[in-house]
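Working notes, beginning with the structure itself.
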Amino acid sequence: FGDGPLSGRHVIVTSGPTHEPIDPVRYIANRSSGRQGAEIARALRDLGARVTFVTGPSTTPPPAGVEVVAVETALQMLGAVQGALPADAVICAAAVADWRVANAHADKLKKDPSGRIPTLEFVENPDILATISQMQEDRPRLVVGFAAETSDVLAHARAKRARKGCDWIVANDVSPETGIMGGNENAVLLITADGVEQWPRMEKSEVARRLARRIAEALAE
Ligand code: C5P
Numbered sequence: 179f180g181d182g183p184l185s186g187r188h189v190i191v192t193s194g195p196t197h198e199p200i201d202p203v204r205y206i207a208n209r210s211s212g213r214q215g216a217e218i219a220r221a222l223r224d225l226g227a228r229v230t231f232v233t234g235p236s237t238t239p240p241p242a243g244v245e246v247v248a249v250e251t252a253l254q255m256l257g258a259v260q261g262a263l264p265a266d267a268v269i270c271a272a273a274v275a276d277w278r279v280a281n282a283h284a285d286k287l288k289k290d291p292s293g294r295i296p297t298l299e300f301v302e303n304p305d306i307l308a309t310i311s312q313m314q315e316d317r318p319r320l321v322v323g324f325a326a327e328t329s330d331v332l333a334h335a336r337a338k339r340a341r342k343g344c345d346w347i348v349a350n351d352v353s354p355e356t357g358i359m360g361g362n363e364n365a366v367l368l369i370t371a372d373g374v375e376q377w378p379r380m381e382k383s384e385v386a387r388r389l390a391r392r393i394a395e396a397l398a399e
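So in full-length UniProt numbering, spot 66 of the sequence shown is number 244, and the numbers just go up one at a time.
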């Protein structure tokens, strides 16, 4: 693998949405583009890391030179991350579905001639970020999560960091008036054990490069 401050390090990045099946031809999804995750994988690769890129269904092409593990569901994503361990760092940038359909059908659902409408039941998906953060043995040294909030960004993100047990949270305000969701730029807070940093508004690729440099510094300590 490449030269650079992350040479010899293995980093797992989750990215994109997940798809949760309803039946063999239908699923529940979300609007994640997978762009920030792909940029982070690229930036880590550029610093010399071996990168495992665990991605849900996304039209954003993965960067070259990373190991791509394509998955559909949250359960598959968790399995892929666990299967890729051990790692020096895990960056959870995926928009994982909180729930999956409990009564997913093996056969395609049909319209009922009598007009009966199907009911979906949900069960909670595992939280990948929390699962990895709370590993008791061989926990990655650095586990990073994301928090997209629409109000009280700092308070919610701090609570999320504590609840999940991750080391860092990258938080942003995704209120419509910020233009961040689906846009090219991002304005983030980096929340660590040492406190909070407010980064200026910058391109998502630059957020990724800055984050990758910080990861390299943390792993060098
Ligand atoms: O709780 P919330 O979904 O806002 O947390 C977001 C963070 O948690 C992101 O880093 C996301 O990748 C991660 N996450 C996860 N598995 C889930 C839900 C969220 O890894 N099932």
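Quick reminder that beta carbons are idealized off the backbone N, C-alpha and C, glycines included.
Query, Result
"Using only alpha-carbon positions, find the residue among Gly186, Gly212, Met255 that is nearest to Val229.", "Gly186"
"If you measure from each residue's Cβ to the nearest non-hydrogen atom of the ligand C5P, which ones come out under 5 Å, in chain order?", "Cys270, Ala272, Val274, Asn303, Asp305, Ile306, Leu307, Gly323, Phe324"
"Val301 to Asp276, Cα distance in whole Å?", "9 Å"
"Rounded to whole angstroms, what is the Cα-Cα separation between Gly243 and Gly357?", "31 Å"
"Any contact between the segment 339-346 and the segment 367-378? By contact I mean 3 or more CB pairs, one from each, below 8 Å.", "yes"
"With distances taken between CB atoms, is the gap from Gly234 to Val274 smaller than 9 Å?", "yes"
"What is the C-beta distance between Asp201 and Leu287, in whole angstroms, given that I count them as a contact (C-beta under 8 Å)?", "5 Å"
"Might you give, ordered along the chain, the residues of its own chain that have their beta carbon closer than 6 Å to the beta carbon of Val321, omitting 5 neighbours on each side?", "Val268, Ile310, Ser311, Cys344, Asp345"
"Compute the Euclidean distance between the alpha carbons of Arg278 and Ala284, then round it to the nearest angstrom.", "15 Å"
"Within 10 angstroms of its Cβ, does Val191 collect 16 or more other Cβ (buried), or is it exposed?", "buried"
"Opposite Gln376 in the DSSP bridges: which residues?", "Leu367"
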